[in-house]
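Residue numbers (my numbering), protein chains in the order written: chain R, 1 to 271; chain C, 1001 to 1283; chain Y, 2001 to 2254.
We treat Cβ as the ideally placed atom computed from N, Cα and C, and that holds for glycine.
Here the structure is a predicted model, which is why all the values come from computation and not from measurement.
Down below is the structure, laid out as C-alpha cells.
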Amino acid sequence: MSRADETLKRKPKRWIINLVFVVAMVVAIAFSFSGSSINWTRLRTIGLSLKVMFQGLADFKYDFLFGTGVYQFDEGVVYMALVTLAIAFIGTFIGAILAIPFGFLASENIVGKYVAKIGEAILVIIRVFPEIVLAIILVKGFGMNAVTGVLTIGLHSIGMLGKLFAEAIDNMDKSPLEALDAVGANAWQKIRYGIIPQVAADISSITLYRFDINVRSATVLGIVGAGGLGASLILAAENWNWDILGTILLAIVVMVLLVDVVSSRLRSKLV
Amino acid sequence: MGVPCVTTKYLVSSMSKITLTNGKTVTKPFNKIWIVVAVVALLLYLFSLLIPFDSSTVKLEELKVILIKMFTPKGNRTWEDYFKYLLKLKNPLIDTLNMSFAGTIIGSLMALPLAVLAAKNIVKKPYIYIPARTIMNLFRTIPAMVLALIAVFFVGIGVLSGIIAITLFTFGIMSKMLYEVIETVDMNPFEALESTGATKTEAFRYAVLPQVTPVFVSYLIYIFEINVRSSTILGYVGAGGIGSVIKDNILYNYDRVGASIILMFVVVLSVQLLSSFLRRRLQ
Amino acid sequence: MIKFVDVSKTYPNGVKALHGVNLEIKDGEFVGIIGLSGAGKSTLLRSINKMISITSGKLYIDDVEISSIKGKELRMLRRGIGMIFQSFNLVKRMSVYNNVLTGRVAYHPTFKTVFGLFPKADKLMALESLDTMGILDKAFTRADQLSGGQQQRVALARALTQKPKLILADEPVASLDPITTVQVMDDFAKINRDFGITVIANMHHVDLALKYATRIIGIKEGEVVYDGDSKSIDDETLVQIYGRSLRHDEVLGE
C-alpha cells in the first residue's frame, strides 16, 4: 500500500502544465480577435447575404459555362478554366526545367556542402514570397495577361522544385557513379548515365505534385491580373454576382479535384 | 478494336532489331518514355494556343523602373522615412500574425472530429466516412484567397474575414492530413482498450489520440507556417494584414509596397526557420 | 464459470472457425488451449469476451447468456475480463502508469475518462498492480522504452487493474525470448494462484502449456478433440490434435 502511495506522489504533475498551456492558448486566440473591428451592419445582414448567395447559386448560369448565348465561348468558365490549366501546365514545365540546375546546385552530393548551402539559401528566398506578390510585380513588366501568370508560376515553382530535386539527388544510390568513374566517364556523362536514370522518376513525381499545387495558385493569380479564372472571380465577388461566382467556384472545385486525382494516379504509377 | 491494333503495329515497327556479329538477333523493346514525351509536347502545344503572347505588352524597362521605385524612397521622402514606414507597419503585421494564429488553431480543432469521421479504421461505415471526405475535399480545393473573398462578402473588410478564411483553409488541409495519420496508427491498443470494456470514444482517447498528438502538433506548426505566408497577401482582397497595405498603395506609393514586401519577407522567413527548428525538435 | 453450448462460428467469408463446441470452465482454472495455427484457438478465446461474436449456440458466463448482449452490458462484461495479446497492445508513447490506468476506463463515465479524471483509489490500484508485477519503478517511463517481457508485464498489470475474475491470453509469449517467456508464464501462474483468477491461454509452445496449465483443451479444425488434465496427456493425443508429430518450433525446450 505505502509503496504505491509513495510512487503516486512522484507522479509528474502534467495537468498543471496542460492547464496553463490551454489558458494561454485561449487568451492568445481571444487577443487575435481583438484586432477585428466587427462590422455590425454586415453581421446583421448575414441572413440577407446567405439568401443572396443561395439565390445566386440556384440561378446557376449554364450558358456561362460554355459561353453559349450572352457570353462568347472565350468568356465562358470552361474556357477560363482551360486557360488556368494552361498557365499551371506551362508554368510548371518551365519551373521544372529551371529547377533542375538549381537542384544540382543545392545538392551536397554534386557540389559539396558549402556551395549546396548557397543554393539552398537561394531556393529558400524564392519560396518565401507568396506567388501573388511575384505576380503583382511581374504584371508591371509583362502586362495584365496569362503570360505573366505562366512566368509567375514558373519562377515561383523553382523554390520548392529545386529543394525537392536536390533531396532526390542526395538520396540516390551513389555506387553507379563510382562505376562510371571507373569506366572513365566525365561529369556530364555521369549526370546523363548515372544520375538522370536514377532521379527521373522522382523528379517527374515531384513535378506532378507541384502541378497539382500550381493549378490551385493559378486560379487566384487573375485577382492581380495575371490571367485565368481569378479575374472574373474577383469581379463577380466585388459585384456580388453569386450566380457567376457560384459557377466559377464549381469550376475551381471540379478542376482541382480532377487534377488531384489524375496527378496522384500518375504519381502512384511512377513509384 | 481499331485503336489498339494500330498502337501495337506502331510499337512493333518501332522496335529495333539488332543483329549480333554471330548472327543472333536481339529485339530492343520500345521505350515508353517516348509516349510520355509526345503527350507532354502535345499538351504544351495545345495549352500554348490558349496563351497568346503579345510582345507589345512586355515593358521590361518599366519593370526595372518600378523595382527601383519599390526599394528606394519616393520623391522627397528620405531613407529614414522609408525605414520609419516599416515600423508603422507594426499593426498590419500583428493583424497578419493574429489571423494566422487564430485561424490555424481554430481550424485544426475543427478538423479533428472530421478527420476521425473520415478515418476508415475508426468509423467503419461508408455513409459516414464518404460524406466526411467530401466535405474536407471541398474546403481543401478552394484557395485561401477565394475563401477570403467570400468571407469579406459576409462579414466585411477586416481581420475577421482573414480569420474565417484561414480557419476554413486549415480545416480542409488539416482534416485531410490528420485522417491519413489516423488511418496508419497502430490499432492494437485500440483493440486492447475495447477488450477492457471501454467505449469507442474512450478507446480512441486512450489508444489513438496519444499516437496522433505529436504528429498533430508538428502539422499544426507546419500549417501555421503556410498560413503566415498566405495571410500576408489575403489583405489584397480585403481580409486585413500586410496585404491590405500593398493593395492601398499599389497605384501611387511603390516605396510603401516595397517596404511591405521587405517586411513580408522577413516575417515569413523567420516563421519558416522557427517552424523547421521546432519540428526538428519534436522528432 | 464459462459454459459453451454447441457454439459455432462461421466468418462472413465462409470459413468455419468453430464447430459445435461444448465446454465448461470452472472458476480458478488455468486452461491451456493448443492446436495448429488456424485451428480456431483465437476464435474460441475471443468469443468469450465477444471480441468475436459467435454465429450459433449459447455461451454463458456466470449463467448470463452473452451472445445477445451489447452496448453497456457488453462493456460491463468485458471490464471484468482481462485480455493479454501477443504484441502487448500497449500505447507505446504513453507512460507505463497511464497504460495501466486504462484498465479502469470502463468503470467511469466517458465524460470523466476523456479528460483523464480518475479517483485516487484507481490510481493506487494501477500502481499496486505494477508492484505486483515487480515493475513499480518503471511507472513513469514511456512504454516503448521497456523490454518485451516488461511490456507484457505492463499489459498484465493493466489486466489486473480491471480487477478481473478471468484473464484471456492470446499467444501471450509468442513474441518473447525463451528466458522472458518462462518469467512471464510464472507471472500468469502467480496471478492464477494468488488471486484465484481464471486464466485461459492460447499457447503455441505445447510443452509450456503442459507445464503451466492445469487443464488442456486441444482444438482441431474448429472442434474440441481433447479436453482433460495436462498431466495425463500423451504423445499419441498430441499427434491426434496436431495431425502429425510436433515440430521443433512448437516446443520451447528447457
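For Y1206/C, the C-beta contacts it makes with chain Y under 7 Å involve V2091, T2102 and V2105, in order along the chain.
Annotated three-state conformation of G2057/Y is strand, per DSSP. The Cβ-Cβ distance between S1231/C and M1099/C falls below 9 Å. Nearest C-alpha to D1081/C among V1268/C, D1255/C and V1266/C: D1255/C. In the displayed model, T1025/C falls within a strand according to three-state DSSP. Secondary structure note for E75/R: it is in no alpha helix (DSSP H), with a DSSP letter that is neither H nor E.
For L2210/Y, same chain residues with a beta-carbon under 6 Å away, outside a window of 5 residues either side, are S2230 in chain order. What T2110/Y touches in chain C, judged by beta-carbon distance under 7 Å, is T1199, T1201 and E1202, going in chain order. Under the criterion of beta carbons closer than 8 Å, V2239/Y and V2206/Y do not qualify as touching, at roughly 11 Å. For H156/R, the secondary structure class from DSSP, reduced to helix, strand or coil, is helix. Within the region 2153-2182 of chain Y, the residues whose Cβ lies closer than 7 Å to any Cβ of chain C are, in chain order, Q2162. One Cα belongs to G1172/C, the other to M1136/C, and the distance between them is close to 5 Å.
For S1218/C, no CB of chain Y lies under 9 Å from its own CB, so it is not counted at the interface with that chain.
Annotation for T1072/C: no alpha helix (DSSP H) segment contains it, and DSSP assigns it neither H nor E. Annotation for K2220/Y: the continuous beta strand (DSSP E) segment containing it runs R2215 to K2220. Following the DSSP letters along the chain, one finds K1200/C inside the alpha helix (DSSP H) bounded by residues K1200 to A1203. Remark: C-beta atoms of M80/R and W242/R do not approach each other more closely than 9 Å. Collapsing the DSSP output to three states places T1170/C in a helix.
About 19 Å separates the Cβ atoms of I2052/Y and A2159/Y, ruling out a contact at the 8 Å cut-off. Residue nearest to V128/R within the set S1270/C, I1163/C and M1187/C is S1270/C (criterion: CA-CA distance).
Counting only runs of 4 or more residues that sit fully inside the region 2151-2230 of chain Y, the alpha helix (DSSP H) segments are 2178-2195 and 2206-2212, in chain order. Nearest neighbour of V2007/Y by Cα position, chosen from N2013/Y, I2025/Y and L2044/Y, turns out to be L2044/Y.
For T2010/Y, the enclosing beta strand (DSSP E) starts and ends at I2002 to T2010. When Cβ pairs closer than 8 Å are counted between the two stretches, the region 130-144 of chain R is seen not to touch the region 161-174 of chain R, the count staying below three.
Contact of W15/R with chain C is not assigned, every C-beta pair being separated by 9 Å or more.
With fewer than 16 neighbouring CB atoms inside 10 Å of its own CB, H2248/Y falls in the exposed class. The CB of L2127/Y comes closer than 7 Å to the CB of A4, T7 and L8 in chain R, given here in chain order. The alpha-carbon of N2049/Y is positioned some 6 Å away from that of R2078/Y. G1075/C and L250/R have their C-alpha atoms spaced approximately 46 Å apart. Between the region 2185-2194 of chain Y and the region 2024-2043 of chain Y there are three or more inter-stretch CB-CB distances shorter than 8 Å, so the stretches are counted as touching. Within the DSSP secondary-structure output, E2065/Y pairs in a beta bridge with Y2060/Y.
The C-beta distance from A99/R to I153/R rounds to 12 Å, too long to meet the 8 Å contact threshold. It is roughly 57 Å from the alpha-carbon of I206/R to the alpha-carbon of I2217/Y. G47/R counts as exposed, since fewer than 16 other beta carbons sit within 10 angstroms of its beta carbon. Only residues of its own chain outside the window of five on either side were considered, and among them Q2086 and H2204 have a CB closer than 8 Å to the CB of A2174/Y, listed in chain order. For the pair G2196/Y and S2047/Y, the Cα-to-Cα distance works out to about 22 Å.
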